[in-house]
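Numbering-wise (my numbering), the sequence shown opens with residue 909 and increments by one. Below is one structure, written out as structure tokens, with a few remarks after it.
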Amino acid sequence: MAASDVTPDARSHAPSDATAPSDAPREAPAGASAFSTLIRTASRQQHEEAETSAFMGDLLGGRLGVAAYRRYTEQLWFVYEALESAAEDLRADPVAGPFVQPGLFRLAALRRDLDHLHDGADWRARVRPLPATEAYAARIAELADGWPGGYVAHHYTRYLGDLSGGQIIRGTAERTWGFARKGDGVRFYVFEDIGNPAAFKRAYRELLDALPLDDLEKQRVVEECKRAFALNTAVFRELGEEFPLSA
């Protein structure tokens, strides 16, 4: 699941909603690591802790019922509501703006999935965030309002994860609980406007590499990526308490 000071005009390198640019990735200066590489390597431990949580292991192992998957999907609603409700205000921001890509937006797909998972019932008035989810969403909202670089850290950890490991979750859900392939219940994981996910992810990493940030600010973004994974792990921990591992 998943960044060299180049130019503030990163928009020219932004991936379109449907495809990614064809130009070859730019190389980092000699002796320097690309910022996208730094983010990935520096946050690897926190990333692995999130991926290997007991809840996620049990979910992917098919040892939990659809109620656990539904509850997890409900938590995603609150996280993406925080991410995407701020997107329009950040569209013109020189740091966060290039990452605001409508082809990534997940709320409409989540709404359809939750409608399906709740059999069409009005779920909005009934679903509640776990305390860890509430803290996660609050952190995203705080950063969107005051630190665009921090918002990018959360944008990166969520959306690139959805395009990568999220596809494993989709496959498991289709096999385990009988959802139609790429249909209602798993639409969150289907990016219909991104024709080539691998090319899109390469272009996204170019955006990270082109962020107009100095070294100190880049380190702050790296630390926020670690925090984002930790917040995600906390959500998994509380879900695991609600849906303990099968005997």
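Each residue gets a CB set at the ideal place from its N, CA and C atoms; glycine is no exception. From a predicted model like this one, the values you see are computed outputs, not experimental measurements.
The straight-line gap separating the alpha-carbon atoms of residue 1105 and residue 975 is approximately 29 Å. The alpha helix (DSSP H) runs lying completely inside the region 1007–1093 and spanning 4 residues or more are 1015–1025, 1039–1054, 1056–1071, 1074–1085, given in chain order. Straight across, the Cα-Cα distance linking residue 1149 with residue 1038 is about 11 Å.
By the Cβ test, the region 1040–1049 is in contact with the region 1129–1139, since at least three Cβ pairs between them sit closer than 8 Å. Burial state of residue 1153 is exposed, judged by a 10 Å Cβ sphere holding fewer than 16 other Cβ atoms.
With a cutoff of 8 Å on beta-carbon distance, residue 1015 and residue 989 are scored as near each other. Note on residue 1090: under 16 other CB atoms within 10 angstroms of its CB, so exposed under the neighbour-count rule. With at least 16 other beta carbons inside 10 angstroms of its own, residue 1117 counts as buried. Here the C-alpha atom of residue 1072 lies approximately 11 Å from the C-alpha atom of residue 1098.
Cβ-Cβ distances below 8 Å link residue 970 to 1080, 1083, 1084 in the same chain, with the five nearest sequence neighbours on each side left out; the list follows chain order. For residue 1102, there is no enclosing alpha helix (DSSP H), as DSSP gives it neither H nor E. The residues 1048, 1136, in chain order, have a CB closer than 6 Å to that of residue 1062 in the same chain once the five nearest residues on each side in sequence are set aside. Residue 1129 and residue 1066 do not touch by the CB rule: their CB atoms are close to 14 Å apart, not below 8 Å. In this chain, the alpha helix (DSSP H) harbouring residue 944 covers 943–950.
If you draw a straight line from the Cα of residue 1109 to the Cα of residue 1075, it comes to about 14 Å.
Our two residues, residue 1132 and residue 1121, have alpha carbons roughly 14 Å apart in a direct line.
Considering only 942, 959, 947, the residue with the shortest C-alpha distance to residue 1145 is 959. Between residue 1022 and residue 981 the beta-carbon gap is near 6 Å, inside 8 Å, which marks them as a contact.
When DSSP states are grouped into helix, strand and coil, residue 1116 belongs to the helix group. In this structure, the straight-line span from the alpha carbon of residue 1002 to that of residue 954 is close to 28 Å. Closest by C-alpha distance to residue 1102, out of 1068, 951, 949, is 1068.
For residue 1151, the closest of 1004, 978, 1125, 1024 by C-alpha to C-alpha distance is 978. For residue 974, the enclosing alpha helix (DSSP H) begins and ends at 974–993.
Shown here for residue 1052: same chain residues with a beta carbon closer than 7 Å to its own, the five before and five after excluded, namely 994, 998, 1059 in chain order.
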